[in-house]
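Following: one structure in structure tokens, then a few remarks.
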Amino acid sequence: MQYDLIIIGSGSVGAAAGYYARRAGLNVLMTDAHQPPHQEGSHHGSSRLIRHAYGEGEKYVPLVLRAQQLWDELAEISGEACLNAPASLTSAPPAPLFSPTSPPAPVRSSLRWKSWMPRP
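Numbering (the numbering used here), first residue to last: 116 to 235.
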């Protein structure tokens, strides 16, 4: 058999890539170390979330906003609630060591961003 696309790792990202490649008419083979559904991936656990603020830079923001939209579309197509979005709180030290782009990337991307700093 011949494939247009072979995806190694069919977790959250690989499965999404396979789904949209197949929808586009490609013949797709997806492989994974585990048989889904399983609890071995980064997608498993009660603390998984879609962040709208990324210290890695603003280039991720449009991707995550599109991912959020696609999750909503999948829920509508399947008739199942695919994503539970509870409130969350993220905290960091006043001078983040992670990236010099935090928080300007979310601010430049017109996302709501609140910074709370205790007063001395």
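Glycine included, each C-beta is placed from N, C-alpha and C at the ideal position.
In this text the structure is predicted, and so the values were computed from the model without any measurement.
Bounding residues of the beta strand (DSSP E) (the contiguous stretch that carries residue i)
i           : result
residue 120 : 120 to 123
Span of the alpha helix (DSSP H) around residue i
i           : result
residue 195 : No alpha helix (DSSP H) contains residue 195, which DSSP labels as neither H nor E.
Integer Cβ distance of residue i from residue j, believed to fall under 8 Å
i           : j           : result
residue 143 : residue 133 : 5 Å
residue 182 : residue 165 : 6 Å
residue 126 : residue 156 : 4 Å
Simplified DSSP state of residue i, which is helix, strand or coil
i           : result
residue 181 : helix
residue 173 : coil
residue 117 : coil
residue 232 : The pLDDT assigned to residue 232 is 49, lower than 50, so where the model puts this residue is not dependable; a value taken from the coordinates is nonetheless given after this. If DSSP states are grouped into helix, strand and coil, residue 232 belongs with coil.
Pairing CB atoms from the segment 143 to 154 with CB atoms from the segment 176 to 186, are three or more of them under 8 Å? no
Unbroken stretches of the beta strand (DSSP E), 3 residues or longer, contained in the segment 128 to 160: 143 to 146
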